[in-house]
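S.K.: Numbered per the numbering used here, the sequence shown finishes at 528, counting up by one with no gaps. Structure provided below as structure tokens; questions to follow.
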Amino acid sequence: MIVTKPVPAKRKPRQSPRLVAGLVALAVAVAGVAAWQLRPKAPKDPYRTAALEQGSVTRSVSASGSLEALVTVEVGSQISGQIRKVLVDFNDDVRKGQVLAELDPQTYQSRLAQGQADIAAGAAALRQAQAQAAAAEADYARKRTLVGQGIYSPSTLDVAKAAWLNAAAAIDAQRAKIRQSRAALDSNRIDLSRTVIVSPIDGVVVDRQIEPGQTVAASLQAPVLFRIAQDLSKVQVKISIDEADIGQVQEGQRVRFTVDAFPDETYEGIVTQVRKQPVTEQNVVAYLVMAEADNPAGKLLPGMTANADIIIDTHPDVLKAPAAALRWNPPDQAQARAPGGMGPPSPGGGGQRQGGQRGMMGARLVQQLDLDARQQKAWEAIQADVRPKMAAAFSAAGGDRKAMRETTRKIIDEAFARLEPGLKPEQKTKLAALRATMAEGRGGRRDGMAGGVLWVLRDGKPTPLPVRVGASDGSFTEIRTDALKAGDQVIVGGGPRAKAQSRSPFGGPPPGGPGGAGGQFRNRI
Numbered sequence: 004m005i006v007t008k009p010v011p012a013k014r015k016p017r018q019s020p021r022l023v024a025g026l027v028a029l030a031v032a033v034a035g036v037a038a039w040q041l042r043p044k045a046p047k048d049p050y051r052t053a054a055l056e057q058g059s060v061t062r063s064v065s066a067s068g069s070l071e072a073l074v075t076v077e078v079g080s081q082i083s084g085q086i087r088k089v090l091v092d093f094n095d096d097v098r099k100g101q102v103l104a105e106l107d108p109q110t111y112q113s114r115l116a117q118g119q120a121d122i123a124a125g126a127a128a129l130r131q132a133q134a135q136a137a138a139a140e141a142d143y144a145r146k147r148t149l150v151g152q153g154i155y156s157p158s159t160l161d162v163a164k165a166a167w168l169n170a171a172a173a174i175d176a177q178r179a180k181i182r183q184s185r186a187a188l189d190s191n192r193i194d195l196s197r198t199v200i201v202s203p204i205d206g207v208v209v210d211r212q213i214e215p216g217q218t219v220a221a222s223l224q225a226p227v228l229f230r231i232a233q234d235l236s237k238v239q240v241k242i243s244i245d246e247a248d249i250g251q252v253q254e255g256q257r258v259r260f261t262v263d264a265f266p267d268e269t270y271e272g273i274v275t276q277v278r279k280q281p282v283t284e285q286n287v288v289a290y291l292v293m294a295e296a297d298n299p300a301g302k303l304l305p306g307m308t309a310n311a312d313i314i315i316d317t318h319p320d321v322l323k324a325p326a327a328a329l330r331w332n333p334p335d336q337a338q339a340r341a342p343g344g345m346g347p348p349s350p351g352g353g354g355q356r357q358g359g360q361r362g363m364m365g366a367r368l369v370q371q372l373d374l375d376a377r378q379q380k381a382w383e384a385i386q387a388d389v390r391p392k393m394a395a396a397f398s399a400a401g402g403d404r405k406a407m408r409e410t411t412r413k414i415i416d417e418a419f420a421r422l423e424p425g426l427k428p429e430q431k432t433k434l435a436a437l438r439a440t441m442a443e444g445r446g447g448r449r450d451g452m453a454g455g456v457l458w459v460l461r462d463g464k465p466t467p468l469p470v471r472v473g474a475s476d477g478s479f480t481e482i483r484t485d486a487l488k489a490g491d492q493v494i495v496g497g498g499p500r501a502k503a504q505s506r507s508p509f510g511g512p513p514p515g516g517p518g519g520a521g522g523q524f525r526n527r528i
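Following this line, the structure appears as structure tokens:
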């Protein structure tokens with residue numbers, strides 16, 4: 004009999020919970036990576052644009068200053084003494100003639116009494132002199148009679164007359180002493196009145212520097228007891244303007260300013276004075292400009308710091324572009340803003356160096372305008388005609404830079420005028436933009452406006468548009484053009500970055516250039 008043993012069933016291996024969690028995490032990670040790879044990608048190096056606006060452009064000069072009362076009077080003491088009473092305090096309104104403080108008057112009262120006694124003594128001495136003069140006159144009269152009768156000699160009459168004249172002179176001396184005593188009495192009376200300190204104007208007490216019992220010593224300079232601001236319904240703004248901007252500031256111009264205490268409120272004033280006295284601090288020269296402004300509700304206080312803008316001029320209802328748009332250039336334009344190949348010979352420079360510069364600038368123009376072979380050949384012929392003209396112009400200028408710049412501009416304009424007919428429409432647009440950039444770089448202006456370039460996106464590519472540039476407030480700049488209007492988008496930033504080009508430390512081509520050892524080394528790698 005055959006006995007068969009039952010075969011035990013195979014047990015399924017148990018999966019570890021950690022293994023399951025790991026597999027789930029791996030699946031989630033794979034899904035996340037796939038979603039990241041399949042997401043809609045943003046355009047690489049997008050351009051940032053902003054819209055042109057129609058509005059006003061205000062050109063101003065910004066500076067800081069401080070607030071002051073229109074009239075501030077320092078009230079002092081002309082005499083010395085101890086403060087007995089102080090009758091006003093900070094911020095008190097006072098009227099003209101109102102008593103502010105009192106000094107101890109005892110010393111000056113004693114001097115006044117002494118002066119009165121001196122006058123009384125002088126009056127008594129005057130009466131005594133008058134009596135002596137009367138006696139001398141009577142004696143003189145008697146002796147004159149006796150001398151006429153021959154009783155006395157004539158010399159006796161002379162002595163009597165001299166005594167009478169002396170007595171009369173003593174009367175005049177006593178009268179002079181009385182006048183002197185009265186003058187001293189008046190001075191003592193004035194000093195006594197000065198023990199009472201009164202307000203010279205209507206105003207507000209903005210400073211008090213004394214307390215009762217304090218001693219005031221007035222010697223060479225009167226000590227300041229109070230400061231009174233006459234009228235705080237108006238304030239004066241003292242603005243420090245740098246010497247580079249002072250030529251634009253004139254009386255009558257509007258001033259806008261803010262203070263830190265009320266940053267959300269803007270106050271306005273008028274320039275009333277441009278002081279010609281320079282103020283030099285740390286080799287920086289500035290001039291003080293005074294402006295007057297209303298002080299509604301008395302909120303502005305003397306001493307506050309003002310952040311002021313002096314309005315130089317305002318251009319209302321103009322087309323304006325963000326200032327960043329006029330500064331932006333594509334990478335291939337950033338390093339070469341002024342095309343050429345026709346610049347004037349460098350004085351003292353070698354011909355080989357000048358030729359290398361002209362060749363480099365000419366190649367730059369070819370690259371910027373993307374000239375084809377036919378156009379390049381035409382440009383080379385134009386350059387060949389221009390170079391002798393440049394050399395002759397340089398010699399004729401005789402070192403006069405202004406004349407040289409003007410002649411250079413005319414020659415370059417003629418060269419571009421010869422090149423332009425053979426260009427395509429898009430190349431003509433680029434050439435116009437480059438000429439505007441050159442005019443801007445030379446500082447050329449007409450009708451108060453300089454040349455500039457704005458870049459717009461056409462078919463996804465930046466396209467230059469020449470414009471005229473006017474006033475700027477730092478954020479927006481006035482422009483004039485027929486090719487753009489309010490709402491049009493202009494490039495203000497972004498775009499592909501310029502590729503870094505390595506250069507030899509000796510100023511030559513990069514080590515990896517054609518035929519260079521660096522290039523051969525990289526080729527091996």
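Yeah, the Cβ is synthetic: ideal placement off N, Cα and C, and Gly gets one too.
1) Alpha carbon to alpha carbon, what distance is there between Met393 and Ala406?
2) Is it true that the CB of Gly68 sits closer than 8 Å to the CB of Val240?
3) Let me make sure I understand the geometry here. Which of Gln386, Pro499, Arg471, Val78 has the alpha-carbon closest to that of Asp210?
4) Have a look at Tyr50 and Ala453 and give me their C-alpha separation to the nearest angstrom.
5) Run the CB neighbour count on Pro467, radius 10 Å, all protein chains shown included, and call it buried at 16 or more, exposed below.
6) Ordered along the chain, which non-local residues of its own chain (more than five positions away) have a Cβ less than 6 Å from that of Lys164?
7) Can you tell me whether Arg506 is helix, strand or coil according to DSSP?
8) Using a Cβ-Cβ cut-off of 7 Å (strictly less than) and excluding sequence neighbours within five positions of Gln177, which residues of its own chain qualify?
9) Spatial neighbours of Asp96 within its chain, please: C-beta separation below 7 Å, excluding the five flanking residues on both sides.
10) Just grab the DSSP bridge partners of Arg404 for me.
11) If I measure Cβ to Cβ from Asn298 and keep anything under 7 Å in the same chain, skipping five residues before and after, which residues do I get?
12) Apart from the five residues just before and just after Glu246, which ones in its own chain have a Cβ nearer than 6 Å to its Cβ?
13) Please confirm whether Glu105 and Thr198 have their CB atoms less than 8 Å apart.
14) Buried or exposed for Asp194, please, with buried defined as at least 16 other CB atoms from any protein chain shown within 10 angstroms of its CB.
15) Would you call the CB atoms of Gly477 and Ala327 closer than 8 Å?
16) Where does the unbroken alpha helix (DSSP H) through Asn286 begin, and where does it stop?
17) Taking the Cβ atom as the reference point for each residue, do Val60 and Ala474 lie within a distance shorter than 8 Å?
18) I'd like to know whether the C-beta atoms of Val252 and Ile313 end up nearer to each other than 8 Å.
19) What does the Cβ neighbour count give for Asn94, buried or exposed, with the cut at 16 atoms within 10 Å?
20) Could you give the residue range of the alpha helix (DSSP H) that holds Gln152?
21) Go through its chain and collect everything with a Cβ distance to Thr275's Cβ below 7 Å, but skip five positions before and after it.
22) Taking only the alpha-carbon atoms, compute the straight-line gap between Thr484 and Asp248 and give it to the nearest angstrom.
23) Which residue's Cα is closest to the Cα of Arg461: Val493, Ala435, Arg421?
24) In chain order, what residues of the same chain have a beta carbon less than 6 Å from the beta carbon of Arg114, not counting five sequence neighbours either side?
25) My parser needs the beta strand (DSSP E) runs of 3 or more residues fully inside the region 146 to 220; what are they?
26) On the three-state DSSP scale, how would you describe Trp382?
27) Of the residues Lys146, Leu457, Lys488, which one's Cα is nearest the Cα of Asn332?
28) Put Glu478 into one of helix, strand or coil per three-state DSSP.
29) Report buried or exposed for Gly362, applying the criterion of at least 16 other Cβ atoms within 10 angstroms of its Cβ.
30) So, are the CB atoms of Pro305 and Leu70 less than 8 Å apart?
31) Assuming Pro469 contacts Ala436 (C-beta within less than 8 Å), just tell me the rounded distance between them.
32) Does the distance from the C-beta atom of Leu188 to that of Ile244 stay below 8 Å?
33) On a CA-only basis, which of Phe265, Ala396, Asp403 is nearest Lys413? Give me that one, please.
34) What residue range is occupied by the uninterrupted beta strand (DSSP E) comprising Ala486?
35) Quick test of your reading: Ala311 and Phe265, contact by CB under 8 Å. State the CB separation rounded to the nearest angstrom.
36) Would you say Ala166 and Ala186 are within 8 Å of each other, going by their C-beta atoms?
M.R.: A quick look at the data gives this:
1) The sequence position of residue 406 within the sequence shown is 403, counting from 1. The sequence position of residue 393 within the sequence shown is 390, counting from 1. Cα to Cα, Ala406 sits roughly 12 Å from Met393.
2) Numbered from its first residue, the sequence shown carries residue 240 at position 237. Numbered from its first residue, the sequence shown carries residue 68 at position 65. Closer than 8 Å, so yes.
3) Numbered from 1 along the sequence shown, position 207 holds the residue referred to as residue 210. In this structure, Val78 is the residue among Gln386, Pro499, Arg471, Val78 with its C-alpha nearest to the C-alpha of Asp210.
4) Numbered from its first residue, the sequence shown carries residue 50 at position 47. Numbered from its first residue, the sequence shown carries residue 453 at position 450. Roughly 26 Å separates the two Cα atoms.
5) Position 464 of the sequence shown, counted from the first residue, corresponds to residue 467. Pro467 is buried by the Cβ-count criterion.
6) The sequence position of residue 164 within the sequence shown is 161, counting from 1. Here the set comprises Tyr143.
7) Looking up residue 506 in the sequence shown gives position 503. With a pLDDT of 47 at Arg506, under the threshold of 50, the modelled position of this residue cannot be trusted; read the value that follows with caution. Of the three classes helix, strand and coil, the one that applies to Arg506 here is coil, per DSSP.
8) As a first step, residue 177 must be located in the sequence shown, where it is residue number 174. In its chain, beyond the 5 residues on either side, Gly125, Ala128, Leu129, Ala132 have a beta carbon closer than 7 Å to the beta carbon of Gln177.
9) By 1-based counting over the sequence shown, the position of residue 96 is 93. Apart from the 5 residues on each side of it in sequence, Asp96 sits with its Cβ closer than 7 Å to the Cβ of Val207 in its chain, given in chain order.
10) Against the sequence shown, residue 404 aligns to sequence position 401. Per DSSP, none; premise fails for Arg404.
11) Position 295 of the sequence shown, counted from the first residue, corresponds to residue 298. Only Leu235, Ser236, Lys237, Val238 meet the Cβ criterion.
12) As a first step, residue 246 must be located in the sequence shown, where it is residue number 243. Cβ neighbours of Glu246 beyond the five flanking positions: Val288.
13) By 1-based counting over the sequence shown, the position of residue 105 is 102. By 1-based counting over the sequence shown, the position of residue 198 is 195. Against a cut-off of 8 Å, the Cβ pair of Thr198 and Glu105 comes out as a contact.
14) By one-based count along the sequence shown, residue 194 stands at place 191. Under this definition Asp194 is a buried residue.
15) Counting from one through the sequence shown, the residue named residue 477 turns up at place 474. Counting from one through the sequence shown, the residue named residue 327 turns up at place 324. No.
16) In the sequence shown, the residue the question calls residue 286 occupies position 283. Note, Asn286: premise wrong, no alpha helix (DSSP H); not H, not E.
17) Within the sequence shown, residue 60 is the residue found at index 57, counting from 1. Within the sequence shown, residue 474 is the residue found at index 471, counting from 1. When the beta-carbon positions are compared, Val60 and Ala474 come within less than 8 Å of each other.
18) Taking the sequence shown and counting its residues from 1, the one referred to as residue 252 is at position 249. Taking the sequence shown and counting its residues from 1, the one referred to as residue 313 is at position 310. For the 8 Å CB-CB criterion, Val252 and Ile313 form a contact.
19) Against the sequence shown, residue 94 aligns to sequence position 91. Its Cβ having fewer than 16 others within 10 Å, Asn94 is exposed.
20) For this step, residue 152 is matched to residue 149 along the sequence shown. Note, Gln152: premise wrong, no alpha helix (DSSP H); not H, not E.
21) Within the sequence shown, the letter at position 272 stands for residue 275. Same-chain partners within the cutoff: Glu254, Met293, Ala294, Glu295.
22) By 1-based counting over the sequence shown, the position of residue 484 is 481. By 1-based counting over the sequence shown, the position of residue 248 is 245. Rounded to the nearest angstrom, the two C-alpha atoms are 29 Å apart.
23) As a first step, residue 461 must be located in the sequence shown, where it is residue number 458. Looking at the Cα atoms, Val493 is the closest of the given residues.
24) If you number the sequence shown from 1, residue 114 lands on position 111. Taking C-beta separations shorter than 6 Å and ignoring five residues to either side along the sequence, the partners of Arg114 in its chain run Asn191, following chain order.
25) If we require 3 residues or more, the beta strand (DSSP E) runs fully inside the region 146 to 220 come out as 199 to 201, 206 to 211.
26) For the purposes of this step, residue 382 is taken as the residue at position 379 of the sequence shown. Under the three-state reduction of DSSP output, Trp382 falls in the helix class.
27) Along the sequence shown, read from residue 1 onward, the residue named residue 332 stands at position 329. Considering only Lys146, Leu457, Lys488, the residue with the shortest C-alpha distance to Asn332 is Leu457.
28) Stepping through the sequence shown from its first residue, residue 478 is reached at position 475. The sequence shown places Ser at residue 478, not Glu. Correct three-state label for Ser478: coil.
29) Here residue 362 corresponds to residue number 359 of the sequence shown, with the count starting at 1. Reliability of the predicted coordinates at Gly362 is poor, the pLDDT of 47 falling under 50, and the value obtained from them is presented with this limitation in mind. Looking at its Cβ environment, which holds fewer than 16 other Cβ atoms inside 10 Å, Gly362 is exposed.
30) Here residue 305 corresponds to residue number 302 of the sequence shown, with the count starting at 1. Here residue 70 corresponds to residue number 67 of the sequence shown, with the count starting at 1. Going by C-beta atoms, Pro305 is nearer than 8 Å to Leu70.
31) Taking the first residue of the sequence shown as position 1, residue 469 is located at position 466. Taking the first residue of the sequence shown as position 1, residue 436 is located at position 433. Their Cβ separation, rounded to whole angstroms, is 5 Å, which keeps Pro469 and Ala436 in contact under 8 Å.
32) In the sequence shown, residue 188 corresponds to position 185, counting from 1. In the sequence shown, residue 244 corresponds to position 241, counting from 1. No. Outside cutoff.
33) On the sequence shown, position 410 is the one that residue 413 refers to. Of the candidates Phe265, Ala396, Asp403, the one whose C-alpha sits nearest the C-alpha of Lys413 is Ala396.
34) In the sequence shown, the residue the question calls residue 486 occupies position 483. Premise fails: Ala486 is in no beta strand (DSSP E) and is neither H nor E.
35) To locate residue 311, count along the sequence shown from 1; it is residue 308. To locate residue 265, count along the sequence shown from 1; it is residue 262. About 14 Å separates the two Cβ atoms, so there is no contact after all.
36) Position 163 of the sequence shown, counted from the start, is the residue given in the question as residue 166. Position 183 of the sequence shown, counted from the start, is the residue given in the question as residue 186. The answer is no: Cβ separation not under 8 Å.
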